[in-house]
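Residue numbers (the numbering used here): 875 to 1302.
Let me begin by presenting the structure, written as structure tokens, before commenting on it.
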RNA sequence: GGAGGGGUGGCUGAGUGGUCGAAAGCACCGGUCUUGAAAACCGGCGUAUCGAGAGGUACCCAGGGUUCGAAUCCCUGCCCCUCCGCCA
């Protein structure tokens, strides 16, 4: 959520920033609600003050009236009338406040000034490229064909077990998948200073509200039919960022850096017919996620570091990639700035997203009430939150398969993964 | 699944109808003392929101209710703890 004070005091500035994201802030409506909120709040509060003062004086007044043998009913009646007027004003205020909150919680984060203008992913801007796509002297296969001919990757069986957009991995492919997870976690904890964390894969709606998936994006989620308001996580970002919901943490603890491996579940509603082949887009996939909580003044620099941590994995794996900055129109709801890292897929002759690294500034923290105590002011202040995939494991697996395929259909194992594969150098 | 006990400020923990936004301790901040530090002593110290300010209002897990008046009484929900049973 944006700072309501800022929206109130500088609606035009905020509206202009949101326009980059393709969002139209309804300034007139906001002003109208705000005016009536102010009026009603003033009214409700003065009635409350009157009611409180009256109630306070009642104890004595009742005692005195009784001592004199007077009727105390008129005294009570006045209190009753005050109570009624008060609760009417409170109800009216609550309803305007609710409208305001509902509207504001649907307003996306403002983009950083450096975010390029643009409506779609075509307007994203490449900022760097690493590695040279390999030249093949044979016809390249995609990971589906490679996996099928090895007999270790099977989409048909997964469809039977569940339905479309699931996969079954076996043998060395399953192990390679696990090796990637181990390698990523070990690198981030051992070299990049992250603490490993393991969290629930089922979360409540408060957590989803905190990171911004709710209320706007419920259709992207798998909801449990249980009446407890539980959802499967779409990303580790949700449980891990909510670690500090409603917390005030010590300045000495900052920055907090978590690396977390989880499965992720996405309904992919609205992506029918898109990436239907293979494991690019699945209802269930695994990811190693990096999450950081930092002091506000550090978050811009932290995003650069965090993106570097994700890129380091691709470099160690020897996979060519490019890094782009998302334009306003492609930027996520909660994000102020996002870098996508795209890995080279020889079968598609394209770079495809394998990581998305974002700075949310205080947008999530405000919803989460995730704060730190600033020693300079002695006051609790909002943290900045960031996260990025480091990396999406399924996509990393297929990138390794395709980039390291050999003429005979076997797959060479990148050197850094060999220790996790019992020293094996190739599959098949 | 059965039986009990709880949820109060950054933390611990008093408080069972008005004098309570809430004792006390710890932590923290400022000061006195000290060569310095510690100790001791003095003072300050919840969050949010409205207001230029004085100040107001809300908040004692959440949501309802009783009452002129609720942290305190009643109902519902959520969460935690202890014991028994079952169990990866």
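Using N, Cα and C, we set each Cβ at its ideal position, and we do this for glycine too.
Considering only the beta carbon of each residue, do residue i and residue j sit closer than 8 angstroms?
i	j	result
residue 998	residue 1198	yes
residue 1228	residue 1269	yes
residue 1107	residue 1130	no
residue 1027	residue 1047	yes
residue 1186	residue 1061	yes
residue 1243	residue 1101	no
residue 1263	residue 1184	yes
residue 1058	residue 979	no
Could you compute how far the alpha carbon of residue i sits from the alpha carbon of residue j?
i	j	result
residue 1202	residue 1138	26 angstroms
residue 1292	residue 1019	23 angstroms
residue 1294	residue 984	43 angstroms
residue 1037	residue 1282	32 angstroms
residue 1081	residue 1074	11 angstroms
residue 1133	residue 1260	12 angstroms
residue 1031	residue 1223	28 angstroms
residue 908	residue 1182	43 angstroms
residue 1162	residue 1192	18 angstroms
residue 973	residue 949	37 angstroms
residue 903	residue 1042	51 angstroms
residue 1095	residue 1169	31 angstroms
residue 914	residue 959	12 angstroms
residue 891	residue 931	52 angstroms
residue 1007	residue 1220	8 angstroms
residue 1014	residue 1276	8 angstroms
residue 956	residue 929	10 angstroms
residue 1146	residue 1155	10 angstroms
residue 945	residue 964	31 angstroms
residue 1265	residue 1273	12 angstroms
residue 1204	residue 1214	11 angstroms
residue 1117	residue 982	22 angstroms
residue 1126	residue 969	41 angstroms
residue 947	residue 922	21 angstroms
Using three-state DSSP, classify residue i as helix, strand or coil.
i	result
residue 1155	coil
residue 1230	strand
residue 1195	strand
residue 1212	strand
residue 1067	coil
residue 1268	helix
residue 988	coil
residue 901	helix
residue 893	helix
residue 993	coil
residue 1103	coil
residue 1170	helix
From this set, the options, which residue's C-alpha is nearest residue i's C-alpha?
i	options	result
residue 877	1038, 975, 1301	975
residue 1246	1240, 1256, 1113	1256
residue 1055	1091, 1160, 1042, 969	1160
residue 882	1279, 906, 1241	906
residue 1194	1278, 1024, 1123	1278
residue 1136	1148, 1111, 961, 1116	1111
residue 1151	921, 1299, 1124, 1016	1016
residue 1217	910, 947, 1204, 1005	1005
residue 1011	1105, 1280, 1285	1280
residue 1249	1128, 927, 1148, 1069	1128
residue 1190	1290, 1067, 885	1290
residue 1148	1053, 1039, 994	1039
Within the same chain, show all residues whose beta-carbon is closer than 6 angstroms to that of residue i, passing over the 5 residues directly before and after it, in chain order.
i	result
residue 1003	1196
residue 990	999, 1201
residue 1225	1196, 1216, 1218
Spatial neighbours of residue i within its chain, please: C-beta separation below 8 angstroms, excluding the five flanking residues on both sides.
i	result
residue 1258	1167, 1168, 1169, 1170, 1172, 1173, 1176, 1233, 1234, 1235, 1236, 1239
residue 1051	1043, 1160, 1267, 1268, 1271
Which same chain residues, not among the five before or five after residue i, have their C-beta less than 7 angstroms away from its C-beta?
i	result
residue 1206	1212, 1232
residue 1140	1094, 1108, 1157
residue 1143	1093, 1094
residue 1088	1079, 1082
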